[in-house]
Every structure is written in C-alpha cells, then in structure tokens.
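Here the structure comes first, spelled out in structure tokens, and everything after it is commentary.
In our numbering, the protein residues as written are 1 to 282.
So this is what it looks like as structure tokens:
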C-alpha cells in the first residue's frame, strides 16, 4: 500500500485491517463534503449494502471547518465543527456498512487551488490501492466551487494511473446542481428507492447541518422523488426514487479529452434539443 499523509484518517466500521479493507473495494466515492456521499453517491452504498462480495469506500476530501452551522451548533468553532462532521460521517459509514471511510482533511481553498498537487496525489494513492470497479464523484456542472475542485482533481488523479488500474466506470452525481438539464438519453438514472429506511437515516445522521442550518434530509429525498416522477410524461414510473448521474468514463479512457469541452458539449446538446422542440411547434 501507498504511504498516506499524516492528516489523512481512515475509519473501518468492521475493524478489519486497513490494507484488507481498502483492497476489497468494488465501489468508491470521492466527494467534497461530509454528507455529499449520502446525498449524491447513495447508489454505491445500496449496491454494496449487506453484499459479502461488494464493498463501498467513501472518501471525504475537505475538513469540515467551513460547514454551515445553526441551532445547537451556531456557536461551534471551526475546530469543533471538524470533529463533529467527522464523527457524523463515521456514524453514516457504520450505519451503511461501508467497507472503509477516508478523510483527506484538506481545507476547501486547497481543493480550489489549480496549482495544488497534494490532494491529487492523495486521491491517486487511494484509487490505486482500492482499484474500484465503479467510482462516483461530483458533476462538472455543479455550482459549488469546492465540488468542481474535487471532480477535476479526481480526474487528474485518475489520469496519472495506468489504464488497467482505472475504474471501469466513472460517474458524476447530483449535489449542488442537479442534472435535470442533461438530455434524457445521456442520463444515468440510479434507482435508489429500495431501502428508504436506510437512505433516509444516512442523511439524517448529519444533525449539525439539519439543526438550524439546511434541511438536507428533506431536500435530498424530495429531489429523488421528483427525478423519478418527472423523468417521463407518458410512462409509468420505473422507480420511486432516482439520483441522476452523468457518465464521465470517456474522460478517463481518453486523456486528451478536455474537461471543459466535454461538459460544454453536453450543455450545447441540451441547448440544441430545446431549440428543436420549440421550432418544430412554431
């Protein structure tokens, strides 16, 4: 295994040795903040939950110091919030029976620094040791700068690996901007309604964000319900909850593809679809 930075922490819910825990990974998520996994990459959790041959590895990149706070947490210092947020994430990992949870503990400004290579290298090491089949991260059209920092650094890290060490699929998920704008034939619809008791609880664990700050527990489930219902106008719902994803695999199959061009081309295809629908009715 690669040697990790002193600031990086690992939590193994079933107390297996770290090397064993990381090498059993089949599904992995690299997202910016505590609870981003449970909001956006819940498909990975469900795909592995109580499956002896499949294991989920969650990675939170930032340290939680800039988290929103209200209610009982309104007067918490940045240092206190960092402790609380990591504890909440560990609770989610235990509840969801994750194979492994990692905390890179980087400040948000580091993820947004285009010159920074420390985060890229730490992500590279984790992916190389885990070698997941499926990897989830943020989408390139997300409106949160820290999320953009994480997805771009994740792709940079993947491109440092040999092709045979990269995941088979790389998916972008919804957190701070949904993928409703993406053309339907380009969406990856993750059906995540099978275990509402689990999926609801995983978001509700993050009390520091829900108490007086943001109702992520209601918003995340509401978006999943809306995605399922409004997916198509002329067919019965195929699922009761859906998280929309975007397939970013081409970006790790062809390193020459530009990330900006890749996402703008998708936006242009959506623009063209809107234009054609209107013009044919005029």
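Positions of the beta carbon are idealized from the N, C-alpha and C atoms, including for glycine.
Item, Value
"Around the C-beta of residue 197, are 16 or more other C-beta atoms found within 10 angstroms, so that it is buried, or is it exposed?", "exposed"
"Given 8 Å as the limit, is there contact between the segment 71 to 79 and the segment 93 to 111, that is, 3 or more CB pairs closer than that?", "no"
"Taking the alpha-carbon of residue 135 as reference, which of 142, 158 and 122 has the nearest alpha-carbon?", "158"
"Among 204, 184 and 179, which residue has its Cα nearest to the Cα of residue 273?", "184"
"Just verifying my parser: in three-state terms, what is the DSSP assignment at residue 1?", "coil"
"Going by beta carbon distance, what residues of the same chain come within less than 6 Å of residue 108, once the five residues before and after it are set aside?", "62, 66 and 146"
"Just to confirm, are residue 186 and residue 246 a CB contact at a threshold of 8 Å?", "yes"
"How is the beta strand (DSSP E) around residue 171 delimited, first residue to last?", "169 to 173"
"Hey, residue 220 and residue 37 are a contact pair by Cβ (cut 8 Å); roughly how many whole angstroms apart?", "Not quite, the Cβ-Cβ distance comes to about 11 Å (not below 8 Å), so this is no contact."
"Residues in its own chain within less than 7 Å of residue 92 by CB, not counting five upstream and five downstream?", "38, 202 and 205"
"Restricting to Cα atoms, I'd like to know which of 97, 85, 74 and 270 is closest to residue 45.", "97"
"Taking the beta strand (DSSP E) that residue 285 belongs to, which residues open and close that run?", "Absent from the structure is residue 285, since the part of the chain shown begins at 1 and ends at 282."
"Taking the alpha carbon of residue 249 as the point to measure from, which residue in 243, 240, 239 and 263 has its own alpha carbon closest?", "263"
"In this structure, how does DSSP classify residue 29 when only helix, strand and coil are distinguished?", "strand"
"Could you give the first and the last residue of the continuous beta strand (DSSP E) run that contains residue 238?", "Per DSSP, residue 238 belongs to no beta strand (DSSP E) and is neither H nor E."
"Should residue 1 go down as buried or exposed, given a rule of 16 or more other Cβ atoms within 10 Å for buried?", "exposed"
"On the premise that residue 111 lies in contact with residue 150, defined as a C-beta separation below 8 Å, what is that separation, rounded to the nearest angstrom?", "6 Å"
"Under 8 Å between the Cβ atoms of residue 270 and residue 179?", "no"
"Between residue 161 and residue 128, which are expected to be in contact by the criterion C-beta below 8 Å, what is the C-beta distance as a whole number of angstroms?", "6 Å"
"Bridge partners for residue 101 per DSSP, in chain order?", "11 and 58"
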